[in-house]
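Asks: Throughout, our numbering is defined as the position within the sequence shown, counted from one, plus 3.
We put the CB at the ideal spot given by N, CA and C, even for glycine.
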Amino acid sequence: MSTSSILGSVLAATNGTASSAIDVTSTVNDILYADRAPERSWQAQQTALAAQTSAISQLSSESSTLSDALAALQDQSGSLSAVTASSSNPSVVTASALAGTTIGNHTVEVDSLATTAAWYSSSVASSSTTLASGSFDLTVGSQSTTITIGSGVNTLDQVAASINSQSLGVNASVITDSSGSRLSLVAQSSGTAADFSVSTSGSSSSGLSFTQASPGADAVLKVDGVPITSASNTVTGAVSGLTFNLLGAARGTAVPITLTPNSDSITAAVSDFVSAFNTLIKDVNSQFSYNTATKTAGALAADSSINGLQSQLLTATNYASTSNTLASLTSLGISTNQDGTLTLDTTALANAATANASAVVNFFQGAASNGFAASLQSSLSAYTDPSNGAFTVDLTSISSENKDLTDQTTTLELYLATQQTALTAQYNAANIALTQLPQQIKQLDALLNPNSTNGN
């Protein structure tokens, strides 16, 4: 629009008598606001896309959590296979079992515990007292080492440091009490193989003598009546997957060890699954819930992928096994509510696990990793796959659409920036012309009416 046409428009609107200035900024902004109508529509679309992105990201995260819970149920050495080992006399022996250890009963009879070899020296005034020069021999197994006192190794503290620096299989320390300080030597491992001795020879002993506190000996026990020995009081390998912790000797007394399914671990794993499933199905359902106040549904109500996910989740609750004693979620104490959420009866699940743990495991894992957990996880992977899952495809499409709208907005803003400059210049020129118009009219009237006295 030219300055003359702008001026003409203003004069026409004011019957040719305009004499006040134009609000240039307000006028130009009004024109630009009208020109931005498409941009406001694009921004509304981008707001909707942002809501969809947020909703999909949340569903994706919740689906991943459910997938993790299903993976835990499929872990053959995980929570479903956890075993509790109980001892009838924990003051003598306790036990722990790896997941998957065969359920059953064992007996353990502890004749004697494994001991750790230990020696101590005669006392001197303090740990820093200077000792007479000499030596003593420390023999571990078939290897003998001479410990020399003198030439920088002159106190008990220095002797202990020297022994510890040589990796002899013995830990040295200084024990101090009211009677003075003594050198203490303790084998780093228990058992006969780690036993050691200390010997001195006459005048070379530096005045120190040594006393044996305890010999190194193996534990002697019977497992299910079979006699065995162990260098440690922690006995592994006697029964596959089972560890015995020997705490006291009770010769002639066989302590029963009972292995049972760990119902608490099973309940926790199934509870995690139910919780993750409910979180996801509730969020999916909310996308199709109509809000009467705002008269809108969820951001993804029109997304066919989310409709499909809802269908997959609802179908999963009807899963039925044809090759297992426990054939359905209901048989495990898991009921389905009208909205598709699940309710877990922990008592019923614990009873099922106690009565037939293998059937509980088989329901979720199947004979060949083809049970309930694998079935539902396979359905979820169509949505969660990072390469071509439905969530990834949706997010990629939304991102592309959002970019297109941003590009259109940028292009329009560049055009409007030039328009703003041009319109501002034109209206400023018109404004100048308008402010000069009354004086020009007055001058013209004086020329046309030289005899006029009122100047009209």
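For Thr158 versus Ser131, is the C-beta spacing smaller than 7 Å?
Replies: Here residue 158 is taken as the residue at index 155 of the sequence shown, counted from 1. Here residue 131 is taken as the residue at index 128 of the sequence shown, counted from 1. Closer than 7 Å, so yes.
Asks: Let me check one thing: in DSSP terms, what residues is Gln146 bridge-paired to?
Replies: Locating residue 146 in the sequence shown gives position 143, counting from the first residue. Partner(s): Val143.
Asks: Give the single residue among Thr387, Thr325, Asn391 and Leu303 whose Cα lies nearest to the Cα of Ala362.
Replies: By 1-based counting over the sequence shown, the position of residue 362 is 359. It is Thr325.
Asks: On the criterion of 16 or more Cβ atoms from any shown chain inside 10 Å, does Gln439 qualify as buried, or is it exposed?
Replies: Along the sequence shown, one-based indexing puts residue 439 at 436. The residue is exposed, with fewer than 16 neighbouring Cβ atoms inside 10 Å.
Asks: Going straight from the alpha carbon of Asp410 to that of Ile444, what length do you get?
Replies: Your numbering for residue 410 matches position 407 in the sequence shown. Your numbering for residue 444 matches position 441 in the sequence shown. A straight line joining the alpha-carbon of Asp410 with that of Ile444 spans about 51 Å.
Asks: Go through the segment 347 to 382 residue by residue and report every complete run of the alpha helix (DSSP H) that reaches 4 residues or more, in order.
Replies: 349 to 358 and 360 to 368
Asks: Using 8 Å as the threshold, is the segment 238 to 256 in touch with the segment 93 to 108, meaning 3 or more CB pairs across them?
Replies: At 8 Å Cβ cutoff, the stretches touch.
Asks: Put Val95 into one of helix, strand or coil per three-state DSSP.
Replies: As a position in the sequence shown, residue 95 is number 92, starting the count at 1. Residue state, collapsed to three classes: coil.
Asks: Counting only the same chain and skipping the five closest in sequence on each side, list residues whose C-beta sits under 8 Å from that of Thr395.
Replies: Translated into positions along the sequence shown, residue 395 becomes position 392. Excluding positions up to five away in sequence, the list reads Asp388 and Pro389.
Asks: So Tyr36 is in the alpha helix (DSSP H); what residue range does that whole segment cover?
Replies: In the sequence shown, residue 36 corresponds to position 33, counting from 1. Element bounds for Tyr36: Val27 to Asp38.
Asks: Within 10 angstroms of the Cβ of Asn281, are there 16 or more other Cβ atoms? Answer buried if so, exposed if not.
Replies: Here the question's residue 281 lines up with position 278 in the sequence shown. Of the residues assessed, Asn281 falls on the buried side of the cut-off, its CB having 16 or more other CB atoms within 10 angstroms.
Asks: Based on Cα-Cα distance, which residue from Gln442, Thr110 and Tyr430 lies nearest to Ser29?
Replies: Position 26 of the sequence shown, counting from 1, holds the residue named residue 29. Nearest of Gln442, Thr110 and Tyr430 to Ser29, Cα basis: Tyr430.
Asks: Cβ atoms of Thr203 and Phe139: under 7 Å apart, would you say?
Replies: Residue 139 sits at position 136 when you count from the first residue of the sequence shown. Residue 203 sits at position 200 when you count from the first residue of the sequence shown. Yes, they are a contact pair.
Asks: Assess contact between the segment 82 to 102 and the segment 264 to 272, defined as three or more Cβ pairs (one per stretch) separated by less than 8 Å. Is contact present?
Replies: yes
Asks: Quick one: does Ala358 have its CB under 7 Å from some CB of chain C?
Replies: As a matter of chain content, chain C is missing from the structure shown, which is built from one protein chain.
Asks: Taking 7 Å as the cut-off, decide whether the C-beta atoms of Ser66 and Leu383 are in contact.
Replies: Against the sequence shown, residue 66 aligns to sequence position 63. Against the sequence shown, residue 383 aligns to sequence position 380. Yes; because the gap between Cβ atoms is below 7 Å, this pair is in contact.
Asks: I'd like to check one pair, Phe375 with Tyr322: are the Cβ atoms closer than 7 Å?
Replies: Locating residue 322 in the sequence shown gives position 319, counting from the first residue. Locating residue 375 in the sequence shown gives position 372, counting from the first residue. In contact: Tyr322 and Phe375 (Cβ atoms closer than 7 Å).
Asks: Here's the rule: buried if 16 or more other CB atoms are within 10 angstroms of the residue's CB, otherwise exposed. What is Ser314?
Replies: What you label residue 314 is simply residue 311 of the sequence shown in a count that begins at 1. Ser314 should be labelled exposed.
Asks: So, with DSSP's three-state summary, where would you put Ser22?
Replies: Residue 22 sits at position 19 when you count from the first residue of the sequence shown. Residue placement at Ser22 cannot be trusted, given a pLDDT of 49 that sits under 50; what the coordinates show is reported in the next sentence. Ser22: coil per DSSP, three-state reduction.
Asks: When burial is assigned at 16 or more other CB atoms within 10 Å of the CB, is Ile337 buried or exposed?
Replies: On the sequence shown, residue 337 is found 334 positions in, with the first residue counted as 1. Counting of Cβ neighbours within 10 angstroms places Ile337 among the buried residues, the total reaching 16 or more.
Asks: I believe Ser209 touches Gly137 by the beta-carbon criterion, under 8 Å. Please report the beta-carbon distance rounded to the nearest angstrom.
Replies: The residue you call residue 209 lines up with position 206 of the sequence shown. The residue you call residue 137 lines up with position 134 of the sequence shown. Contact flag correct, Cβ pair sits at about 3 Å.
Asks: Is there contact between the segment 178 to 189 and the segment 119 to 130, where contact requires at least three CB pairs shorter than 8 Å?
Replies: yes
Asks: If you reduce the DSSP assignment to three classes, tell me which class Ile152 lands in.
Replies: Taking the first residue of the sequence shown as position 1, residue 152 is located at position 149. Ile152 falls in the strand class under three-state DSSP.
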